[in-house]
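Asker:
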RNA sequence: GGAGGAGUGGCAGAGUGGUUGAAUGCGCCGGUCUCGAAAACCGGUAUGGGUUCACGCCCAUCGGGGGUUCGAAUCCCCCCUCCUCCGCCA
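Numbering (the numbering used here), first residue to last: 68 to 491.
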């Protein structure tokens, strides 16, 4: 949710910012609805005030044993009027609210302008691709030859976009997750959380999956939702709270499955485990004071990069342009890992600063000690990393053409009982 | 799933239809006293919204939603959460 008061104060700057995402000016409609809404609200409140006043007089009159029927008649007519205006006010309010909840966040000044991903800007590149040629088999071929990746079995039990992993490959997946969690908790100051994977509609609204992205989500028959990312739960941990400013930042990490319908991605990445309906991800979430989120964003991105560095996987970091930046984000860094079989860098992490847009929806605030004023916190989320895609990257980058095996990255050996290599 | 009990301000805890946004205690903030501190005493201490240049005024909120009533924390209905017992179960 955007700050309606801020829009009132400077509607043009909001329209200018939305234009960077290719949106038409929104403020005229917003301001019109806002004005109608507030006028109705004021009228309702004046009537309520009058009603309360007369009711009080009725109480006094009755306690004195006087006749109050004239007063009671007056209240009756006020009540009808209140109901009428109230309905009007609620109508304007809900239309306005729906409009606002479907508008994306303000972009930061240093988010570059551009229509789509082709305009994203590379900010760093770390490591050199070991094999830039196309002779590396892809992870599907590697995994199936090892007999440890089985898409057919997955299709039999669940359908397309699922996978069954076996033996050393699923152990490697687990090792990756463990390594990421240990690094975030041990070195990066994050607190590990094991959260619910089914959440309420309010929670999905809080982090902006709803109402606009309903079609991407799995809804249960009892009105709950399967989390598309742990961001949803971790961020909502502070919903409806007033936090002590001194306790910020809060940093949470969790290793969870993620469930996505991938409704708009039909035909994209159909081969392999790049795009699944279900995948594991280690997520980082930070809750910060409003003036600290920009620094935290850099820090969080560095934490995600650190995982790739330790895994010794070649990657680059790009800052997304205005047209590619997600709905809730004001600025996003994507980390892209080298995928040898595709001879390209593919997204493995996305770190976003959402400013206060989620906090407003969640009513998550903070307050300095001794102060009366509350402020909305800022929320950030980043993958640290997508475990499924990390597995793909390790399988391909650590592939040994000599025997079709996969070397175990140095940092993962402790999680694999010292195992050096995965072979058939 | 069944039966019963409970949800009030930061916390504890009154309040069962009438100037109750809510007694009292604790905590917290400010002040008096003191060389200083403690104690004591005095004052203040919810959130959101509308309106106003401002002081302020007003509205809503006692788990959530709806209803009865001139008037609801208090009565009725639905839902949620927690506790106790029974059943089931990873």
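Every residue, glycine too, gets a C-beta built ideally from N, C-alpha and C.
For the alpha helix (DSSP H) holding residue 250, just list the boundary residues, first then last.
Answerer: Element bounds for residue 250: 234 to 253.
Asker: Provide the residue(s) that pair with residue 418 in DSSP beta bridges, ordered along the chain.
Answerer: According to DSSP, residue 418 bridges with 400, 449.
Asker: With DSSP as the reference, identify every bridge partner of residue 351, one or two as the case may be.
Answerer: Residue 351 pairs with 320, 449.
Asker: Quick check on this structure: which residue in 275, 187, 426, 373 has the alpha carbon closest to the alpha carbon of residue 170?
Answerer: With distances taken between Cα atoms, residue 170 lies closest to 275.
Asker: Output yes or no for whether 8 angstroms exceeds the beta carbon distance between residue 329 and residue 342.
Answerer: Yes, they are a contact pair.
Asker: Helix or strand or just coil, what does DSSP make of residue 268?
Answerer: If DSSP states are grouped into helix, strand and coil, residue 268 belongs with the helices.
Asker: Is it the case that the segment 438 to 448 contacts the segment 356 to 366, given that we only count it when at least three CB pairs across the two stretches are under 8 angstroms?
Answerer: Verdict: yes, contact present.
Asker: Give the range of the beta strand (DSSP E) segment to which residue 382 is assigned.
Answerer: Per DSSP, residue 382 belongs to the beta strand (DSSP E) from 382 to 386.
Asker: What did DSSP end up calling residue 411 once you bin it into helix, strand or coil?
Answerer: It is a strand residue.
Asker: Leaving out five residues on either side along the sequence, give the residues of the same chain with a beta carbon under 6 angstroms from the beta carbon of residue 87.
Answerer: Taken in chain order, the residues that qualify are 174, 180, 389.
Asker: For a test of your reading of the model: does the CB of residue 384 fall under 7 angstroms from any non-hydrogen atom of the ligand NAP? Yes or no.
Answerer: This structure lacks the ligand NAP, and indeed carries no ligand of any kind.
Asker: Look at the Cβ atom of residue 421, then the Cβ atom of residue 396, and state whether they are nearer than 8 angstroms.
Answerer: The answer is yes: Cβ separation under 8 angstroms.
Asker: Find the nearest neighbour of residue 319 within the set 280, 236, 261, 461, judged by alpha-carbon distance.
Answerer: For the residues 280, 236, 261, 461, the minimum Cα distance to residue 319 belongs to 261.
Asker: Under the rule that 16 or more other beta-carbon atoms within 10 Å means buried, what is residue 295, buried or exposed?
Answerer: The residue is buried, with at least 16 neighbouring Cβ atoms inside 10 Å.
Asker: Count Cβ pairs between the segment 458 to 475 and the segment 202 to 209 that sit closer than 8 angstroms; are there 3 or more?
Answerer: With a cut-off of 8 angstroms, the segment 202 to 209 and the segment 458 to 475 count as touching, because enough Cβ pairs lie within range.
Asker: Using the Cα positions of residue 425 and residue 488, report the straight-line distance between them to the nearest angstrom.
Answerer: Cα to Cα, the separation comes out at about 44 angstroms.
Asker: Across the segment 373 to 389 and the segment 402 to 421, are there enough close Cβ pairs to call them in contact, namely three or more that are closer than 8 angstroms?
Answerer: They touch, by the three-pair rule.
Asker: State the DSSP-derived secondary structure class of residue 189, mapped to helix, strand or coil.
Answerer: Three-state result, residue 189: strand.
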